[in-house]
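Residue numbers (our numbering): 29 to 466. Even glycine gets a Cβ: it sits at the ideal position worked out from N, Cα and C. Note that the coordinates shown come from a computational prediction; the quantities given were computed from them, not determined experimentally.
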């Protein structure tokens with residue numbers, strides 16, 4: 029269920045921010061007007077997800093999406109003008125009526141009708157009953173920096189703190205940026221973190237997430253001690269820890285900081301590119317396919333190859349496990365960094381590496397987000413490498429027993445770094461992002 033409308037309205041009221049209608053004027057005009065319409069980017073073409081309209085849905089299911097995201101039946105080319113008048117009307121309604129429109133008003137009725145017409149499960153009563161869930165942040169430390177990150181049904185925050193704990197104990201900065209030794213330790217830590225993720229992360233309203241046990245220094249030390257510095261551990265030999273517990277892609281990230289030291293890190297998602305590929309008639313926006321983030325068949329893989337357990341099984345009114353890792357870093361009690369990215373299960377590992385690039389290897393914000401990255405998620409037992417690592421480094425990793433697969437990235441990381449009186453912005457060259465300030 030979409031939660032942004034309710035969450036942003038709650039924050040606006042809490043912080044006495046300007047009315048939504050005052051903030052939305054420019055966005056509405058951009059969506060509505062020929063003069064203000066957005067120029068399409070290389071990301072809006074057949075090779076980047078629009079083909080989902082034909083591949084995974086019937087003609088009737090994607091009729092509305094084709095009207096919005098195709099240009100008279102053809103794919104948009106970079107630089108074409110995209111005008112979304114129905115989206116502008118939806119934004120204007122929400123700006124006027126607030127989140128009530130989304131959960132009870134005209135937008136809610138149109139959403140419920142679209143769901144019913146496609147055999148969906150969400151009803152008008154479900155929309156009206158939706159509540160924003162507010163969770164305490166997870167707090168940790170790494171080499172004197174304070175890490176503030178996500179909890180709840182996100183696996184990213186607890187995973188990030190686990191990984192930092194493992195690496196701090198080996199003095200990671202001495203391994204050298206991009207070296208075979210640094211990548212080996214990263215991969216082995218990731219492998220163990222994702223094993224724990226498979227068993228112990230779920231919606232806290234339905235499952236007791238054992239944060240204290242997952243982040244216990246003794247458990248972190250055990251994970252670290254199990255890493256062989258010279259050989260990769262086969263994933264079949266890595267199992268989730270045993271704790272006594274009780275039961276209970278298409279993503280976007282943005283980071284904002286102001287001169288007073290206020291900071292916001294937000295990650296939102298449709299899940300797959302173009303989500304479900306279905307657009308609700310008259311609303312102008314796509315519906316997500318986040319149900320795939322549940323463990324529909326515990327112990328089996330989802331579209332990202334992730335293995336998940338009973339903690340993330342499907343239940344009514346339950347939130348699926350996500351990998352979002354919006355993170356704020358403080359230094360001496362003051363804002364130092366805001367970082368986050370889309371990318372499905374690669375999010376956690378990407379945020380980790382960008383943070384390490386700054387703290388351990390003293391990169392600036394742009395170099396930190398642009399540097400090539402790796403990914404390991406326990407299963408499949410593969411170490412995914414982006415282009416950019418030297419052949420010698422790859423050969424050394426193979427010699428340690430890593431099953432290497434070269435793969436591009438779908439991350440779109442951004443970072444704000446505040447140091448020495450300067451504000452730096454890092455924008456990921458892998459996809460599209462933008463830095464702006466005033």
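Problem - Nearest candidate by alpha-carbon position, reference residue 173, set 408, 364, 389, 461 - result: Looking only at 408, 364, 389, 461, the smallest Cα-Cα distance to residue 173 is reached by 364.
Exercise for the section: Tell me whether the beta-carbon of residue 112 lies closer than 9 Å to the beta-carbon of residue 361. Expected result: It is not a contact, given that the beta carbons lie outside the stated cut-off.
Handout entry: Per-residue burial, residue 475 [other beta carbons within 10 Å of its own, 16 or more giving buried]
Key = Summary: the structure shown does not reach residue 475, with the chain confined to residues 29 through 466, and so no result is reported for it.
Handout entry: As assigned by DSSP and simplified to three states, the class of residue 222
Key = Three-state DSSP puts residue 222 in a helix.
Handout entry: Own chain partners of residue 375 with C-beta closer than 7 Å, once the 5 adjacent residues on each side are dropped
Key = So the list reads 184, 351, 352, 353, 369, once near-sequence residues are dropped.
Practice task
Pick out whichever of 178, 238, 432, 466 has its Cα sitting closest to the Cα of residue 294.
Solution key: Nearest of 178, 238, 432, 466 to residue 294, Cα basis: 178.
Practice task
Starting from residue 190, trace the alpha helix (DSSP H) both ways and give me its first and last residue.
Solution key: Note, residue 190: alpha helix (DSSP H), 184–196.
Practice task
Return the bridge partner residues of residue 281 from the DSSP annotation.
Solution key: The secondary-structure analysis by DSSP pairs residue 281 across a beta bridge with 295.
Problem - Among 149, 239, 203, the one whose alpha carbon lies nearest that of residue 163 - result: If we check each option's Cα against that of residue 163, 239 comes out closest.
Handout entry: Alpha-carbon to alpha-carbon, residue 158 and residue 29
Key = Each residue's Cα considered, the two are about 8 Å apart.
Handout entry: Nearest candidate by alpha-carbon position, reference residue 233, set 43, 349, 191
Key = The option with the nearest alpha carbon to residue 233 is 349.
Exercise for the section: Just tell me which of 399, 307, 289, 319 has its CA closest to the CA of residue 447. Expected result: The shortest C-alpha separation from residue 447 is found at 289.
Problem - Three CB pairs or more closer than 8 Å across the region 134–142 and the region 310–326 - result: At 8 Å Cβ cutoff, the stretches touch.
Practice task
Could you give the DSSP three-state label for residue 374: helix, strand or coil?
Solution key: DSSP, reduced to helix, strand and coil, places residue 374 within a helical segment of the structure shown.
Practice task
In angstroms with no decimal places, state the Cα-to-Cα distance between residue 202 and residue 196.
Solution key: C-alpha of residue 202 to C-alpha of residue 196: approximately 11 Å in a straight line.
Problem - Residues bridged to residue 341 [DSSP beta-bridge criterion] - result: Per DSSP, 323.
Practice task
In angstroms with no decimal places, state the Cα-to-Cα distance between residue 107 and residue 458.
Solution key: So the alpha carbons of these two residues sit roughly 19 Å apart.
Practice task
For residue 368, write down the residues that DSSP places opposite it in a beta bridge.
Solution key: Partner(s): 442.
Exercise for the section: Can you check DSSP and say which residues form a bridge with residue 413? Expected result: DSSP output for residue 413 lists 402, 434 as bridge partner(s).
Exercise for the section: Look at residue 316 and residue 323 and say whether their C-beta atoms are less than 9 Å apart. Expected result: Their beta carbons are not under 9 Å apart, which means residue 316 does not touch residue 323 by this criterion.
Practice task
Note down, in chain order, each residue of its chain lying with its Cβ closer than 6 Å to the Cβ of residue 359, except the 5 sequence neighbours on either side.
Solution key: Closer than 6 Å at the Cβ level, and outside the excluded window around residue 359, lie 173.
Problem - residue 117 - partner residues in DSSP beta bridges - result: Residue 117 pairs with nothing; no bridge assigned.
Problem - CB contact flag (residue 155, residue 170, <9 Å) - result: No; because the gap between Cβ atoms is not below 9 Å, this pair is not in contact.
Problem - Any 3 or more C-beta pairs closer than 8 Å across the region 409–425 and the region 210–218 - result: Because the criterion of three Cβ pairs below 8 Å is met, the region 409–425 and the region 210–218 touch.
Handout entry: Alpha-carbon to alpha-carbon, residue 101 and residue 92
Key = The alpha-carbon atoms of residue 92 and residue 101 are separated by roughly 12 Å.
Practice task
Check the C-beta distance from residue 35 over to residue 237 and give it rounded, since I have them as a contact under 8 Å.
Solution key: The C-beta distance from residue 35 to residue 237 rounds to 20 Å, too long to meet the 8 Å contact threshold.
Exercise for the section: Could you tell me if residue 388 is buried or exposed, where buried requires 16 or more neighbouring beta carbons within 10 angstroms of its beta carbon? Expected result: When all chains shown are included, residue 388 counts as buried.
Problem - Same chain, Cβ closer than 6 Å to residue 129, neighbours up to 5 away in sequence not counted - result: Short of 6 Å from the beta carbon of residue 129, and not among the five residues preceding or following it, lie these beta carbons of its own chain, in chain order: 121, 122, 135.
Problem - Cα-Cα separation between residue 460 and residue 440, rounded to whole angstroms - result: Distance between the alpha carbons of residue 460 and residue 440 is about 6 Å.
Exercise for the section: Please list, in chain order, all residues of the same chain as residue 194 whose beta carbon is under 7 Å from its beta carbon, the five residues on each side excluded. Expected result: Within the same chain, residue 194 has close Cβ partners 217, 248, 251, 252.
Problem - Three-state class that DSSP yields for residue 42 in the structure shown - result: Residue 42 falls in the helix class under three-state DSSP.
Exercise for the section: Compare the Cα-Cα distances from residue 190 to each of 181, 223, 204 and report the closest residue. Expected result: For residue 190, the nearest C-alpha among the options comes from 223.
Practice task
Could you tell me if residue 401 is buried or exposed, where buried requires 16 or more neighbouring beta carbons within 10 angstroms of its beta carbon?
Solution key: Its Cβ being crowded by 16 or more others within 10 Å, residue 401 is buried.
Handout entry: For residue 337 and residue 419, the rounded distance between their alpha carbons
Key = In this structure, the CA atom of residue 419 is about 37 Å from the CA atom of residue 337.
Exercise for the section: Could you tell me which of 404, 442, 443, 452 sits nearest to residue 432, measuring between CA atoms? Expected result: Across the set 404, 442, 443, 452, the C-alpha of 404 shows the shortest separation from the C-alpha of residue 432.
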